[in-house]
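Have a look at the structure below before the remarks.
Residue numbers (our numbering): 30 to 377.
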């Protein structure tokens with residue numbers, strides 16, 4: 030059985046037909062495979078497992094997830110609850126999964142790692158090697174994770190499993206900082222993961238990484254939550270654009286584009302190419318360096334470039350308002366949602 034780990038949770042007050050239409054619309058937009066669809070069952074295959082609908086135990090409708098292991102099952106449950114929280118927070122709060130989920134324990138998607146090496150990458154980046162006990166779930170289908178850093182000088186509090194199967198994050202002085210980062214590379218034989226940190230004024234992760242690079246050991250042990258987010262790009266023609274916050278993700282995607290892929294990548298840094306971040310751009314992809322110091326604006330250049338890349342798969346990562354502009358422009362120009370991956374990595 031491909032997905033031996035399964036769970037379902039009643040969705041109180043939700044009509045099967047209405048939820049079915051919502052899931053089918055999302056599946057179509059994301060080009061997911063519908064495995065079964067009738068009046069009583071809906072099953073959709075995603076990159077990380079199955080989602081769907083079943084008859085509920087005490088309600089008309091229940092959400093269903095299935096995965097290859099316990100970690101991915103938790104990731105799927107957490108994603109479903111988060112989706113419900115946006116639309117129907119009361120329903121999300123009331124959800125209870127059939128496998129119990131062991132509320133209060135550390136999430137199955139959480140693991141402790143230790144920083145074992147730090148290397149400077151030019152003037153604006155540090156490359157960190159993180160070592161753990163089991164990083165086997167980190168592959169190509171989801172290349173991001175949360176880097177969970179304990180607060181300085183305070184006993185850290187770590188996340189736990191909530192009653193509805195989602196991640197419960199602590200609040201208060203002991204709450205960790207938990208930004209999303211990219212797994213630049215993973216060595217499964219050694220159980221190490223490499224990630225690159227962009228250094229900028231006021232950044233809590235910048236402060237933490239710099240502290241570690243100078244020999245600080247107080248916060249050398251951190252947590253990972255993941256993997257999460259999108260995977261590699263599979264496209265013959267691409268338009269990619271990012272500022273420094275997305276350089277690590279862009280570098281990994283470029284390295285793994287299909288052979289013969291064509292297109293363009295726009296790379297914005299304060300001083301342009303002088304940031305010296307190592308990006309191996311394959312033949313067929315034009316790299317254009319932009320400089321904020323001379324007034325270049327990544328979002329504006331991306332919008333102009335879209336006219337020259339009809340049919341390309343768009344990948345954009347950067348400031349939130351610019352990300353919204355690119356997403357809206359792509360929709361207005363007729364790009365299919367499955368061909369547009371736009372991420373807001375920060376906001377003014």
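A virtual CB, placed ideally from N, CA and C, is assigned to each residue, including glycine. These figures come from a predicted structure and were not determined experimentally.
* Asked: Which class does residue 243 belong to by DSSP, given the choice of helix, strand or coil?
  -> Counted from its first residue, the chain shown places residue 243 at position 214. Coil.
* Who are the near neighbours of residue 117 in its chain, counting only those whose CB is closer than 6 Å to its CB and skipping five residues on each side? -> Within the chain shown, the letter at position 88 stands for residue 117. Cβ neighbours of residue 117 beyond the five flanking positions: none.
* To do: Just tell me which of 250, 56, 77 and 321 has its CA closest to the CA of residue 367.
  => Taking the first residue of the chain shown as position 1, residue 367 is located at position 338. Nearest C-alpha to residue 367: 56.
* To do: Mind checking who residue 150 pairs with in its DSSP beta bridge?
  => What you label residue 150 is simply residue 121 of the chain shown in a count that begins at 1. Looking at the DSSP assignment, residue 150 forms a beta bridge with 154.
* Would you mind giving the Cβ-Cβ distance between residue 375 and residue 291, rounded to the nearest angstrom? I have them listed as a contact below 8 Å. => To locate residue 375, count along the chain shown from 1; it is residue 346. To locate residue 291, count along the chain shown from 1; it is residue 262. 29 Å between Cβ atoms; not a contact.
* Only counting runs of 3 or more residues, tell me where the beta strand (DSSP E) segments fall wholly within the region 285-343, in order along the chain. => 291-298 and 314-320
* What are the residues that DSSP puts in a beta bridge with residue 71? -> One-based indexing of the chain shown puts residue 71 at position 42. According to DSSP, residue 71 bridges with 66 and 82.
* To do: Below 8 Å on the Cβ atoms is my guess for residue 308 versus residue 276; work out the distance and round it to an integer in Å.
  => Taking the chain shown and counting its residues from 1, one reaches residue 308 at position 279. Taking the chain shown and counting its residues from 1, one reaches residue 276 at position 247. Contact holds; Cβ gap of about 7 Å.
* To do: Pick out whichever of 105, 98 and 87 has its Cα sitting closest to the Cα of residue 44.
  => Taking the first residue of the chain shown as position 1, residue 44 is located at position 15. The shortest Cα separation from residue 44 among 105, 98 and 87 belongs to 87.
* Asked: Can you check whether the CB of residue 224 is closer than 7 Å to the CB of residue 346?
  -> Taking the chain shown and counting its residues from 1, the one referred to as residue 346 is at position 317. Taking the chain shown and counting its residues from 1, the one referred to as residue 224 is at position 195. No, Cβ-Cβ distance for residue 346 and residue 224 is not below 7 Å.
* Kindly indicate the opening and closing residues of the alpha helix (DSSP H) around residue 208. => Counted from its first residue, the chain shown places residue 208 at position 179. Counting along the chain, residue 208 falls outside any alpha helix (DSSP H), and DSSP gives it neither H nor E.
* To do: Taking 8 Å as the threshold, find out whether the region 165-172 comes into contact with the region 209-226 through three or more Cβ pairs.
  => yes
* **Bridge partner(s) assigned by DSSP for residue 35** => Sequence index remark: in the chain shown, residue 35 carries index 6 (1-based). BP columns for residue 35 point to 95.
* Below 7 Å between beta carbons: does that hold for residue 82 and residue 34? -> The residue you call residue 82 lines up with position 53 of the chain shown. The residue you call residue 34 lines up with position 5 of the chain shown. Taking 7 Å as the Cβ cut-off, residue 82 and residue 34 do not qualify as a contacting pair.
* Which one of 185, 370 and 337 has the shortest CA to CA distance from residue 258? -> Start at 1 with the first residue of the chain shown, and residue 258 comes out as number 229. Cα-wise, what sits closest to residue 258 is 370.
* Could you check what DSSP says for residue 197 in three-state terms: helix, strand or coil? => As a working note, residue 197 is residue 168 in the chain shown. Of the three classes helix, strand and coil, the one that applies to residue 197 here is strand, per DSSP.
* To do: Please report the residue range of the alpha helix (DSSP H) in which residue 53 lies.
  => Here residue 53 refers to the residue found at position 24 of the chain shown. Element bounds for residue 53: 45-59.
* To do: Could you tell me the distance, in whole angstroms, from the CA atom of residue 151 to the CA atom of residue 140?
  => Start at 1 with the first residue of the chain shown, and residue 151 comes out as number 122. Start at 1 with the first residue of the chain shown, and residue 140 comes out as number 111. If you take the alpha carbons of residue 151 and residue 140, they lie about 30 Å apart.
* Beta-carbon proximity check, residue 289 vs residue 171, cutoff 7 Å -> On the chain shown, position 260 is the one that residue 289 refers to. On the chain shown, position 142 is the one that residue 171 refers to. No, these two residues do not count as a Cβ contact at 7 Å.
* To do: State the DSSP-derived secondary structure class of residue 186, mapped to helix, strand or coil.
  => Walking along the chain shown from the start, residue 186 turns up at place 157. If DSSP states are grouped into helix, strand and coil, residue 186 belongs with coil.
* Asked: Cβ of residue 156 within 7 Å of Cβ of residue 144?
  -> For the purposes of this step, residue 156 is taken as the residue at position 127 of the chain shown. For the purposes of this step, residue 144 is taken as the residue at position 115 of the chain shown. No.
* Span separating the alpha-carbon of residue 30 from that of residue 95 -> To locate residue 30, count along the chain shown from 1; it is residue 1. To locate residue 95, count along the chain shown from 1; it is residue 66. Each residue's Cα considered, the two are about 11 Å apart.
* Have a look at the DSSP bridge pairing and note the partners of residue 370. => Reading the chain shown from its first residue, position 341 is the one you call residue 370. For residue 370, which the question treats as bridged, DSSP gives the partners 344.
* Between residue 253 and residue 238, what straight-line distance do the alpha-carbon atoms span, to the nearest angstrom? -> Reading the chain shown from its first residue, position 224 is the one you call residue 253. Reading the chain shown from its first residue, position 209 is the one you call residue 238. Approximately 15 Å between the Cα atoms of the pair.
* Span separating the alpha-carbon of residue 98 from that of residue 78 -> For the purposes of this step, residue 98 is identified with residue 69 of the chain shown, where counting begins at 1. For the purposes of this step, residue 78 is identified with residue 49 of the chain shown, where counting begins at 1. Going from the Cα of residue 98 to the Cα of residue 78 covers about 10 Å.
* Going by C-alpha distance, which of 190, 182 and 216 is nearest residue 202? -> On the chain shown, position 173 is the one that residue 202 refers to. The shortest Cα separation from residue 202 among 190, 182 and 216 belongs to 182.
* residue 173 bridges to which residues according to DSSP? -> Counting from 1 along the chain shown, the entry for residue 173 is found at position 144. DSSP, once it has assigned bridges, lists 211 and 257 as partnering residue 173.
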